[in-house]
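Scroll down for the structure; my scribbles are underneath it.
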Ligand code: GLU
């Protein structure tokens, strides 16, 4: 962890976009203030009968462009500031990709590894019931994030539905397919990261065939990005999980198989790497797909990659950003690179509203269309205004929210 909190990073990025767009101080006030913040106590009865209290959060940063949207994170270090920062990023991400949503984020300060399956279920259900009054398909739609998955979404959907008295699949996205989930949602964030990497290679005139990739993280984002890139002919040379990295495996699929049966990536025949060694590998594409603050002023100086594609939310601090810019490394920012997840969440919500479900090909094609369109818009803005891709992406997202504010006017 560094001194630069995720909220400081997110606010600095917003400030910069507001300056570049020459928005007013009034606009800054409107855009930099989260609209609704809820903190709840979540009691959990442990399997042994003990009762423990956890802190839960839900932040609805903006609802100007539609219901708020964003994941639920289970992580011991999550707090209100970080939740606000991540909800802010969701706001710009949804506006950038032109989804009819505001932005939200939630979470519980808990290490989910310490929970049994039934403890996880009770905690998820109680959290859902605590935030129940402010969520709903027309209000705020949670989804998976770090430490949660489709099982948690099934429990959230059920808790909400039992209280409503009928099935409400549209209250959360990232659900199992049989409960109204969408085909392609599980791999969507990783697939979008892969689309971003391929496009960034095009911009830098590097042939994707045989291009090398290092990925920090081997979970919901990192694994699927690794698989997609390997299938596209790139060479994934290193991946890591929370315990460190490995290199020297022959294929991602083989490493995944080992990981599934052994719970770690230390497959025989591979070589260990530290997180810093992985970040500093001489590769074409570096993908931080773990937590915030991994590319800092300190770690950025050793980065040799030509391109950084941000699979995680807020992996780069402003100090780290400055160094990447000086080194002329192309950074595809989080709100573009990892937007595949929320884009397919949007498809899921649309399918649930219509009770009409798409084929995997339709999901893939529509995801590709939105990502390519957004990518082109960011590329164009960055070239025209001579700004970084992060600045360009924020300018587009923030200006759409600012315009929506203006058109709606201020009540009363
Ligand atoms: N948690 C994901 C994100 O940070 C997905 C959010 C969603 O699908 O609503 O973008």
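Numbering (the working numbering), first residue to last: 5 to 416. Ideal Cβ placement from N, Cα and C applies to all residues, glycine included.
{"Item": "Cβ-heavy atom distance, residue 390 to the ligand SAH, below 7 Å", "Value": "What this structure holds is the ligand GLU, not the ligand SAH."}
{"Item": "Start and end residues, beta strand (DSSP E) containing residue 3", "Value": "The requested residue 3 is not part of the displayed model; the chain covers only 5 to 416."}
{"Item": "For residue 1, three-class secondary structure by DSSP", "Value": "Because the chain is modelled from 5 through 416, residue 1 falls outside the range shown and cannot be assessed."}
{"Item": "The ligand GLU heavy atom lying under 7 Å from the CB of residue 191", "Value": "no"}
{"Item": "Reference residue 53, options 77, 139, 123, 18, closest by Cα", "Value": "123"}
{"Item": "contact_flag[the region 39 to 46, the region 9 to 23] where n(CB pairs < 8 Å) is 3 or more", "Value": "no"}
{"Item": "Straight-line gap, residue 5 to residue 297 (C-alpha atoms, nearest Å)", "Value": "Bear in mind that the predicted position of residue 5 carries a pLDDT of just 39, short of 50, making it unreliable; the figure below should be weighed with that in mind. Spanning the two alpha carbons is a distance of roughly 7 Å."}
{"Item": "When 101, 62, 67, 69 are compared against residue 88, the one with the closest alpha-carbon", "Value": "62"}
{"Item": "Environment of residue 195 [buried if 16+ CB atoms lie within 10 Å]", "Value": "buried"}
{"Item": "N-terminal and C-terminal residue of the beta strand (DSSP E) that residue 187 is part of", "Value": "No beta strand (DSSP E) contains residue 187, which DSSP labels as neither H nor E."}
{"Item": "Residue interval of the alpha helix (DSSP H) (run including residue 139)", "Value": "Here residue 139 belongs to no alpha helix (DSSP H), and DSSP marks it neither H nor E."}
{"Item": "Ranges of the alpha helix (DSSP H) found wholly within the region 36 to 61, counting only runs of at least 4", "Value": "none"}
{"Item": "Cβ-Cβ separation, residue 114 to residue 80 (assumed contact under 8 Å), whole Å", "Value": "6 Å"}
{"Item": "Minimum length 3: unbroken beta strand (DSSP E) runs contained in the region 305 to 331", "Value": "311 to 313"}
{"Item": "For residue 404, three-class secondary structure by DSSP", "Value": "helix"}
{"Item": "Check whether residue 333 and residue 312 have beta carbons under 8 Å apart", "Value": "yes"}
{"Item": "Where residue 146 falls: helix, strand or coil (DSSP)", "Value": "strand"}
{"Item": "Cβ neighbour criterion (16 or more within 10 Å) applied to residue 182", "Value": "exposed"}
{"Item": "Anticipated Cβ contact below 8 Å, residue 156 with residue 207, distance rounded", "Value": "37 Å between Cβ atoms; not a contact."}
{"Item": "Residue 317 Cβ short of 7 Å to the ligand GLU heavy atom set", "Value": "yes"}
{"Item": "Near the ligand GLU: residue 349 beta-carbon under 7 Å from a heavy atom", "Value": "yes"}
{"Item": "Start-end ranges of the alpha helix (DSSP H) lying completely within the region 83 to 142, minimum 4 residues", "Value": "84 to 100, 121 to 135"}
{"Item": "Segment contact flag, the region 197 to 217 with the region 233 to 241, C-beta cutoff 8 Å, min 3 pairs", "Value": "yes"}
{"Item": "Beta-carbon proximity list for residue 38, same chain, < 6 Å, skipping 5 on both sides", "Value": "63, 65, 88"}
{"Item": "Endpoints, the alpha helix (DSSP H) within which residue 294 is located", "Value": "From DSSP, residue 294 is part of no alpha helix (DSSP H); its letter is neither H nor E."}
{"Item": "Residue 102: CB within 7 Å of a non-hydrogen atom of the ligand GLU", "Value": "no"}
{"Item": "Beta-bridge partners of residue 19, as assigned by DSSP", "Value": "According to DSSP, residue 19 bridges with nothing at all."}
{"Item": "Cutoff 6 Å; reference residue 17; Cβ partners in own chain excluding five residues on either side", "Value": "398"}
{"Item": "Integer-rounded CB distance, given that residue 290 should sit under 8 Å from residue 307", "Value": "6 Å"}
{"Item": "Validate contact between the region 392 to 406 and the region 97 to 111 using beta carbons, cut 8 Å, 3 pairs", "Value": "yes"}
{"Item": "Per-residue DSSP class, three states only, for residue 77", "Value": "strand"}
{"Item": "Extent of the continuous beta strand (DSSP E) run through residue 276", "Value": "275 to 277"}
{"Item": "Proximity test, residue 177 beta-carbon vs the ligand GLU heavy atom, cut-off 7 Å", "Value": "yes"}
{"Item": "Whole-number beta carbon distance between residue 244 and residue 220, since they are thought to touch under 8 Å", "Value": "5 Å"}
{"Item": "Start-end ranges of the beta strand (DSSP E) lying completely within the region 330 to 378, minimum 3 residues", "Value": "334 to 336"}
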